[in-house]
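Numbering (my numbering), first residue to last: 462 to 663.
Yeah, the Cβ is synthetic: ideal placement off N, Cα and C, and Gly gets one too.
Predicted model, so just to flag it, every value in this text is computed and none were measured.
Structure below.
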């Protein structure tokens, strides 16, 4: 049995990343009887951007928090409860201007919390969210995994760095690339990604 957290973030209704992310979560659940899937839909339930109250509260000791600051951290606490409850995390994201959707960036701002998901020690920063597998279901208009556009890939490179900072280092990428090159290329890339999904646990 496994608890799977599926995070979707693409603004497109016909999102390739969401299709792959949902298929991936279903495949993982299928091969672990009794598993549950929690969906965090950042498109239809967007998070507000963090503000000054939150920025100050996240660095304030719990015993010194005001009622307003506690309220500012409440959403972050809810998201972190979901995160820590998960055994497997699936993040679906399309590439937007070489990076991730702003909705997903807002989510990361809420879950990277000092003293909760990371801490500083004598050896430097230490991630506190460990022992979980992460899958990145990504979609891109062009080809960014290799070739001349690779230096402009701030999508999975950023996600890997942010996740590693909080202790999530076991990350696997399944990408749909070249979707802007026409429907035939997009469909071929989508089917290839879905094929990789289908092979998981087989």
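What is the rounded straight-line gap between the Cα of residue i and the Cα of residue j?
i, j, result
"residue 659", "residue 643", "24 Å"
"residue 566", "residue 557", "11 Å"
"residue 649", "residue 522", "52 Å"
"residue 496", "residue 480", "20 Å"
"residue 505", "residue 469", "9 Å"
"residue 603", "residue 472", "18 Å"
"residue 510", "residue 550", "22 Å"
"residue 532", "residue 639", "43 Å"
"residue 653", "residue 475", "17 Å"
"residue 526", "residue 578", "19 Å"
For residue i, which beta-bridge partners are listed by DSSP?
i, result
"residue 633", "596"
By a C-beta neighbour count over all protein chains shown, 10 Å radius and 16 as the cutoff for buried, is residue i buried or exposed?
i, result
"residue 482", "buried"
"residue 564", "buried"
"residue 529", "exposed"
"residue 546", "exposed"
"residue 590", "buried"
"residue 581", "exposed"
Is residue i near the ligand ZN, going by C-beta to nearest heavy atom under 8 Å?
i, result
"residue 466", "With respect to small molecules bound, the structure shown includes none, and the ligand ZN cannot be examined in it."
### Query
Below 8 Å, can you find three or more Cβ-Cβ pairs linking the region 628–640 to the region 590–609?
In short, these stretches touch, since the Cβ pair count reaches three.
### Message
For the structure I just gave you, are there three or more beta carbon pairs, one from the region 604–613 and one from the region 562–581, closer than 8 Å?
### Response
Because the criterion of three Cβ pairs below 8 Å is not met, the region 604–613 and the region 562–581 do not touch.
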